[in-house]
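First comes the structure, then the notes that go with it.
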Amino acid sequence: MIGDTIFAVASPPGVGERGLIRLSGPAARRAAEHVLDGPIPPGRGAFERTITIAEHAVSSFVLSMPGPGSFTGEDVVELHLPGSPLLLGKVQESLLEFARPATPGEFSRRAFENGRLTLAEAEAIADLIHAADREQLRFAVDVLAGGLGDAVDAARAAVQDGLALLEVGLDFDELETGAVERDEWLELLDRSRDLVRRLAHGVPEVDAGGDVVLLGAANAGKSSLCNALAGADLLVGERPGTTRDVLTVEVGDATLLDAPGDLGSATGVDVEALALRDRIAGRAGAALLVVDARGGPVPRTELPILGVVRTKSDLLSGRALVPLEGVTAPEFRVSSVTGEGLEALRRHVQRAAGSGRGGGAARFASSVRRAADALDRAIESGRHGEPEEVVAAEVGQALACLDEVHGRSSPEALLDRVFGGFCLGK
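Take the sequence shown: its letter number 213 is residue 241 in the working numbering, and every next letter is one higher.
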């Protein structure tokens with residue numbers, strides 16, 4: 029709930045040279061001062077301070093950014109200190125008296141709710157992080173630079189002008205003074221439609237979701253992984269390559285496809301199963317490589333690699349993972365038995381294959397194209413002599429679609445989905 033004060037670690041997990049704890053809300057300064065050796069002066073600034081935790085003094089660097097000129101529009105304080113997970117945890121415990129832990133994406137959501145960020149800009153932050161190619165990267169940068177937002181505002185203003193002229197005519201009969209000729213508002217709507225259509229040019233072709241195929245050797249644990257992610261029992265047996273059908277699991281907007289694994293040598297039904305696997309890989313947009321944590325072959329693919337899943341980690345018995353050569357994708361150590369790593373894998377798939385990778389571009393393109401389609405219907409209705417009320421309803425629909433881009437008319441569920449895909453501290 030906006031109005032209280034939140035905090036979160038905003039630096040990468042694990043040990044690092046520096047760690048960052050971010051606070052936002054009316055009590056941000058007071059909460060930070062609770063762990064510091066002195067007050068934070070009013071106004072914007074950077075200060076050196078000492079944090080005392082468990083009788084140990086640690087030097088820190090403090091950034092103070094009062095609202096409404098901060099990222100969130102609220103008072104924001106950042107504590108920069110040594111990147112010890114233990115130290116960061118102790119500081120967070122001390123902050124609990126004045127603030128609560130933030131939920132994923134809550135800082136960005138507050139920026140949106142306080143008018144510091146449009147929904148398109150918020151999604152562009154995630155798209156920038158998870159961009160899969162140069163086109164997605166360019167689109168995210170353009171949105172954050174404000175150019176696309178200005179273009180949307182210009183197109184929306186043109187549509188609104190057309191609707192205003194159309195609605196003026198609703199108040200007059202055709203023969204009355206003040207009546208607006210049909211050709212006048214049709215011309216305005218035609219020009220505004222061209223502006224809206226231009227917005228869709230250059231938007232990268234991405235889906236807010238997609239198919240992700242699991243690739244790996246037979247008995248690498250792909251089907252058990254699907255079981256664990258879905259919470260259901262699929263056909264899994266002791267014989268390598270038991271899977272003979274396409275097994276699917278929905279993870280957010282992404283669909284994981286489990287197909288037969290490599291058998292080394294195969295005949296008869298196995299050959300058919302592997303042909304099925306190849307067809308599935310042909311329709312997928314990305315791949316998860318599944319490798320037994322104890323060692324095993326790394327599958328090869330030309331698909332974008334979303335990550336490497338090291339299965340059966342519960343069988344390692346304290347042994348270190350065998351390093352994989354030639355693979356730079358994120359790795360996830362998981363166990364379908366103990367549940368280790370499953371939640372982190374779910375979040376990664378949701379962000380990378382769902383709303384995270386190209387989600388903003390996909391929603392932008394959808395909103396703009398639906399706006400253009402509504403204007404097409406409006407112009408066609410106008411040219412065929414339909415009542416102005418019918419035309420006005422379609423133009424109003426076009427405006428609503430353009431408002432979705434900035435989040436002016438976005439339902440709560442959409443906002444939860446967009447910001448829920450962010451990391452803590454963002």
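Glycine included, every Cβ here is placed at the ideal spot set by N, Cα and C.
Keep in mind that this is a model prediction, so the values were computed, not measured.
Alpha-carbon to alpha-carbon, residue j and residue i
{"i": "A246", "j": "Q378", "result": "26 Å"}
{"i": "N255", "j": "L64", "result": "48 Å"}
{"i": "E359", "j": "V336", "result": "5 Å"}
{"i": "E209", "j": "R162", "result": "47 Å"}
{"i": "D286", "j": "A258", "result": "12 Å"}
{"i": "I81", "j": "L48", "result": "16 Å"}
{"i": "S341", "j": "L145", "result": "42 Å"}
{"i": "G367", "j": "E141", "result": "36 Å"}
{"i": "F75", "j": "R391", "result": "41 Å"}
{"i": "I68", "j": "R138", "result": "23 Å"}
{"i": "P110", "j": "L156", "result": "27 Å"}
{"i": "E106", "j": "E121", "result": "16 Å"}
{"i": "V86", "j": "H108", "result": "11 Å"}
{"i": "R166", "j": "H62", "result": "43 Å"}
{"i": "F126", "j": "V279", "result": "36 Å"}
{"i": "A173", "j": "P41", "result": "29 Å"}
{"i": "E195", "j": "E212", "result": "12 Å"}
{"i": "A315", "j": "G324", "result": "17 Å"}
{"i": "G16", "j": "L193", "result": "Because the chain here runs from 29 to 454, residue 16 falls outside it and cannot be looked at."}
{"i": "P96", "j": "E102", "result": "5 Å"}
{"i": "L403", "j": "R221", "result": "6 Å"}
{"i": "D32", "j": "P54", "result": "7 Å"}
{"i": "E408", "j": "A154", "result": "38 Å"}
CB contact flag (residue i, residue j, <9 Å)
{"i": "R338", "j": "V362", "result": "yes"}
{"i": "C429", "j": "R398", "result": "yes"}
{"i": "S112", "j": "V43", "result": "yes"}
{"i": "G244", "j": "L147", "result": "no"}
{"i": "V171", "j": "A152", "result": "yes"}
{"i": "V180", "j": "V433", "result": "yes"}
{"i": "S52", "j": "A150", "result": "no"}
{"i": "G249", "j": "D178", "result": "no"}
{"i": "V396", "j": "V169", "result": "no"}
{"i": "L217", "j": "L284", "result": "no"}
{"i": "A485", "j": "L191", "result": "The structure shown does not extend to residue 485, since the chain is modelled only from 29 to 454, so the question has no answer here."}
{"i": "A477", "j": "L227", "result": "Because the chain spans 29 through 454 in this model, residue 477 falls outside it and cannot be assessed."}
{"i": "V187", "j": "V423", "result": "yes"}
{"i": "V104", "j": "A56", "result": "yes"}
{"i": "I79", "j": "S88", "result": "yes"}
{"i": "A393", "j": "A426", "result": "no"}
{"i": "L214", "j": "G410", "result": "yes"}
Bridge partners - residue i, DSSP secondary structure assignment
{"i": "S87", "result": "T78"}
{"i": "S98", "result": "DSSP lists no partner for S98."}
{"i": "V336", "result": "L317, E359"}
{"i": "T283", "result": "D239, E278"}
{"i": "G42", "result": "Answer by DSSP bridge pairing: none, since G42 is not bridged."}
{"i": "L48", "result": "H108"}
{"i": "S92", "result": "G73, V105"}
{"i": "P498", "result": "A query on residue 498 cannot be resolved here, the shown segment of the chain reaching from 29 to 454 and no further."}
Residue i, DSSP secondary structure in three states
{"i": "R374", "result": "helix"}
{"i": "G249", "result": "coil"}
{"i": "G117", "result": "helix"}
{"i": "V35", "result": "The sequence as given places Phe at residue 35; Val does not occur at that position. Reduced to three states, the DSSP call for F35 is strand."}
{"i": "V105", "result": "strand"}
{"i": "R328", "result": "coil"}
{"i": "I153", "result": "helix"}
{"i": "R322", "result": "coil"}
{"i": "R72", "result": "coil"}
{"i": "V244", "result": "The identity of residue 244 in the sequence shown is Gly, whereas the question assumes Val. G244 falls in the strand class under three-state DSSP."}
{"i": "R137", "result": "helix"}
{"i": "R272", "result": "The predicted position of R272 is uncertain, since its pLDDT is 46 and thus under 50; no value can be drawn from it."}
{"i": "R128", "result": "strand"}
{"i": "R144", "result": "coil"}
{"i": "G369", "result": "coil"}
{"i": "G177", "result": "helix"}
{"i": "L344", "result": "coil"}
{"i": "A55", "result": "coil"}
{"i": "S364", "result": "coil"}
{"i": "E209", "result": "coil"}
{"i": "E266", "result": "Unreliable positioning characterises E266 in this predicted model, as indicated by a pLDDT of 38, which lies under 50. The coordinate reading is nonetheless provided below. Looking at E266 - three-state DSSP - the assignment turns out to be coil, as it is neither helix nor strand."}
{"i": "S383", "result": "Note that S383 scores a pLDDT of 44, beneath 50, so its modelled location is shaky and nothing firm can be said."}
is_contact[residue i, chain B] using C-beta, thresh 9 Å
{"i": "D65", "result": "Considering every chain present, this structure includes no chain B. It has just one protein chain."}
Note down, one range per segment and in chain order, each alpha helix (DSSP H) of at least 4 residues found wholly within the segment 395 to 429. none
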